[in-house]
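Written out below as structure tokens is the structure these notes cover.
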Amino acid sequence: MNSLMDPVLALHPWLARLLTGMAMTLQLTATAVLIAAALALPLAILRARGTPWLQTPLRLYVSFFRGTPLLVQLFLVYYGSGQFRPELQQLGLWWFFRDPFYCAVTAFTLNSVAYQMEILRGGLLAVSRGEVEAGLAFGMNRRLLYRRIILPNAYRIAWPALGNEIILLLKASAIASVVTLLDLMGQTRRLFASSFDISVYLWAAVAYLLITYTFITLWRRMEHRLSRHRQRS
Amino acid sequence: MELLSYLSWGPHGWGDELVRGLGVTLSLALTTLPLGLLLGLLIALASVSGRPVLQRLAQLYTATLRGIPELLTLFVVYNGAAMLLNQLARHVNPDAGFVELSPFVAGVVALGLVFSAFAAEVLRGAWLALDKGQREAARALGFTPWLGFWLVEFPPLLRLALPGLGNLWLNLLKDTALVSVIALNDLMRMASVAVGVTKQPFLFYLAVSLLYWLLCVLSEAAIGRLEQHLSRGLRRPAL
Numbered sequence: 001m002n003s004l005m006d007p008v009l010a011l012h013p014w015l016a017r018l019l020t021g022m023a024m025t026l027q028l029t030a031t032a033v034l035i036a037a038a039l040a041l042p043l044a045i046l047r048a049r050g051t052p053w054l055q056t057p058l059r060l061y062v063s064f065f066r067g068t069p070l071l072v073q074l075f076l077v078y079y080g081s082g083q084f085r086p087e088l089q090q091l092g093l094w095w096f097f098r099d100p101f102y103c104a105v106t107a108f109t110l111n112s113v114a115y116q117m118e119i120l121r122g123g124l125l126a127v128s129r130g131e132v133e134a135g136l137a138f139g140m141n142r143r144l145l146y147r148r149i150i151l152p153n154a155y156r157i158a159w160p161a162l163g164n165e166i167i168l169l170l171k172a173s174a175i176a177s178v179v180t181l182l183d184l185m186g187q188t189r190r191l192f193a194s195s196f197d198i199s200v201y202l203w204a205a206v207a208y209l210l211i212t213y214t215f216i217t218l219w220r221r222m223e224h225r226l227s228r229h230r231q232r233s
Numbered sequence: 001m002e003l004l005s006y007l008s009w010g011p012h013g014w015g016d017e018l019v020r021g022l023g024v025t026l027s028l029a030l031t032t033l034p035l036g037l038l039l040g041l042l043i044a045l046a047s048v049s050g051r052p053v054l055q056r057l058a059q060l061y062t063a064t065l066r067g068i069p070e071l072l073t074l075f076v077v078y079n080g081a082a083m084l085l086n087q088l089a090r091h092v093n094p095d096a097g098f099v100e101l102s103p104f105v106a107g108v109v110a111l112g113l114v115f116s117a118f119a120a121e122v123l124r125g126a127w128l129a130l131d132k133g134q135r136e137a138a139r140a141l142g143f144t145p146w147l148g149f150w151l152v153e154f155p156p157l158l159r160l161a162l163p164g165l166g167n168l169w170l171n172l173l174k175d176t177a178l179v180s181v182i183a184l185n186d187l188m189r190m191a192s193v194a195v196g197v198t199k200q201p202f203l204f205y206l207a208v209s210l211l212y213w214l215l216c217v218l219s220e221a222a223i224g225r226l227e228q229h230l231s232r233g234l235r236r237p238a239l
């Protein structure tokens, strides 16, 4: 029962479960981050240069999703949708809200959109005025200006903060285990419940740290590439 | 209107239960804050101490606690500490019954550990941003190191660290919801209990989210005030 003395041996029967959990955690986080990234860019542009009439709802959205616990947001989507079950069934959407994976992805996406929108807005506003004017002087139209000058610069500036947000979401995704999803945390809780062996938590911590550090390394490398024009020999 | 009666005060509504939960949430956050800050300050001092061993330990501490989910930390503390306590209890008295750590204490310890790791990084950053000239001036005027720290370095340190610490406070406030998972009767769990009885999940989780939102908005306003107060007498560069 107590393999505290021998945590390495104890890992063996758990390895398969923990790896499945890791895959689920990665899938959950990656799906939410990618959908949120696609939504956050147009919204950030609106937030940065839209009319006040458009900006106010966006500001409220950001404030709400950053000012409430992700757990509450998840429960609002997963359990809250149950209150509208007949309506959702009529619309043919019930299969979506019945599934904890889709609900977790929805909640995490809504949350991440808020954070990514704020980060990208900061990046957009920090693009150097001179470079944009240079682009205009070359006769670039809006599309080209965004593609060649504004977006590459904004993403380069926002890159480290975006990386932080992704790591935060990765860690926060552990709460998906509360709505019965078997992500890394979910598998860990299950293994603990059947073995009462505390070292399973240790291995879960190692697994999370492994994911985080791999991600940080990759992200730094991409940041390096994004700013390669600024390197001095 | 019928829906609102669920949120009313008294034996039929859940308003009083929710407010009691809000009280637990607030006292959890307010108990954790000073402990986390103090521990964070100690870790930050270790990481700027210039002693390699202390620095390494502080680095390991912050990197680990910042890299694993808060929920995992909470479970490690809740289950792990309970196990330790039981082993100790059995050591002292073999017939001792099962000892359980209260969810509140487990919450304070776990959230305090997480808070201290992040706070240590914020304080370290602020420390590095301090004007070295002021420290030297204090030394030159014959201040002892402690008096110099307290009177000369601490006030600007607080001013530089406040935006980061303010964010950590908001995170702490939101993270308290996690403790509902180990059955602390906080705001979040009270909502779940109410949902179990009334079958109105959307209503209650929405109400609770609005309460958390209110707490965060009020905190932000207070932090803004505090920031202004701490920056009085500071001359900002003309932009």
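First to last, the sequence lines map onto chains C and L.
With the working numbering as the guide, the letters of the first sequence map in order to residues 1 to 233.
With the working numbering as the guide, the letters of the second sequence map in order to residues 1 to 239.
Just so you know, even glycine gets a beta-carbon here, dropped at the ideal spot from N, CA and C.
- Leu-65/L and Leu-35/L have their alpha carbons spaced roughly 16 Å apart.
- The DSSP-derived three-state label of Pro-94/L is coil.
- In the DSSP assignment, His-229/L falls within the alpha helix (DSSP H) that extends over 201 to 230.
- With distances taken between CA atoms, Leu-28/L lies nearest to Asp-186/L out of Asp-186/L, Glu-220/L, Ser-219/L.
- Judged by DSSP in its simplified three-state form, Thr-68/C adopts coil rather than helix or strand.
- Nearest CB-CB separation between Met-188/L and chain C: below the 8 Å threshold.
- In the structure shown, Ala-183/L adopts coil according to DSSP, grouped into three states.
- Exposed is the label assigned to Asn-141/C, since fewer than 16 other Cβ atoms lie within 10 Å of its Cβ.
- For the options Gln-55/C, Leu-76/C, Arg-17/C, the alpha carbon positioned closest to that of Phe-204/L is the one of Leu-76/C.
- Pairing Leu-3/L with Thr-198/L, the inter-Cα distance amounts to about 10 Å.
- Closer than 8 Å to the CB of Ala-204/C there is at least one CB belonging to chain L.
- When the beta-carbon positions are compared, Trp-213/L and Phe-101/C stay at least 8 Å from each other.
- In the three-state reduction of the DSSP assignment, Arg-220/C falls in the helix class.
- About 5 Å separates the CB atoms of Leu-145/C and Gly-135/C; that is less than 8 Å, so the two are in contact.
- No Cβ of chain C is located within less than 8 Å of the beta carbon of Lys-132/L.
- Ranked by how close their Cα comes to the Cα of Pro-42/C, the residues Leu-151/C, Gln-90/C, Met-185/C, Leu-60/C have Leu-151/C in first place.
- Using a Cβ distance threshold of 8 Å, Ser-81/C and Phe-97/C count as a contacting pair.
- In the structure shown, the three-state DSSP call for Phe-149/L is helix.
- Distances from the alpha-carbon of Tyr-213/C to those of Ala-176/C, Leu-93/C, Thr-188/C, Gly-163/C put Gly-163/C closest.
- Going by C-alpha positions, Met-185/C is about 28 Å away from Gln-83/C.
- Of all residues in the stretch 214 to 227 of chain L, the ones placed with a Cβ closer than 7 Å to any Cβ belonging to chain C are Cys-216, Val-217, in chain order.
- Assignment of Ser-195/C by DSSP, reduced to helix, strand and coil, places it in the helix class.
- Contact note: Ala-174/C reaches chain L through Pro-69, Leu-71, Leu-72, using a C-beta cutoff of 7 Å and chain order.
- Taking 8 Å as the upper bound for CB-CB distance, Ala-63/L and Ala-46/L are not in contact here, some 14 Å apart.
- In the pairwise beta carbon analysis, the stretch 158 to 174 of chain L is classified as touching the stretch 210 to 227 of chain L: at least three pairs are separated by under 8 Å.
- In the structure shown, the three-state DSSP call for Asn-153/C is helix.
- The C-beta of Leu-172/L comes no closer than 8 Å to any C-beta of chain C.
- Across the structure, Ile-167/C and Leu-72/L are spaced so that their CA atoms are roughly 15 Å apart.
- Around Gly-80/L, the beta-carbon contacts reaching into chain C at under 9 Å are Ile-198, Tyr-201.
- By the neighbour-count definition (other C-beta atoms within 10 Å, threshold 16), Lys-132/L is an exposed residue.
- The stretch 174 to 189 of chain C and the stretch 22 to 35 of chain C touch, with no fewer than 3 CB-CB distances between them shorter than 8 Å.
- A direct Cα-to-Cα measurement between Val-99/L and Ala-106/L gives close to 13 Å.
- At a cut-off of 8 Å between beta carbons, Leu-209/C contacts chain L.
- With respect to chain C, the C-beta atom of Val-208/L has a partner C-beta closer than 8 Å.
- In this structure, the alpha-carbon of Phe-108/C lies about 6 Å from that of Ala-32/C.
- In this chain, the alpha helix (DSSP H) harbouring Val-114/L covers 103 to 129.
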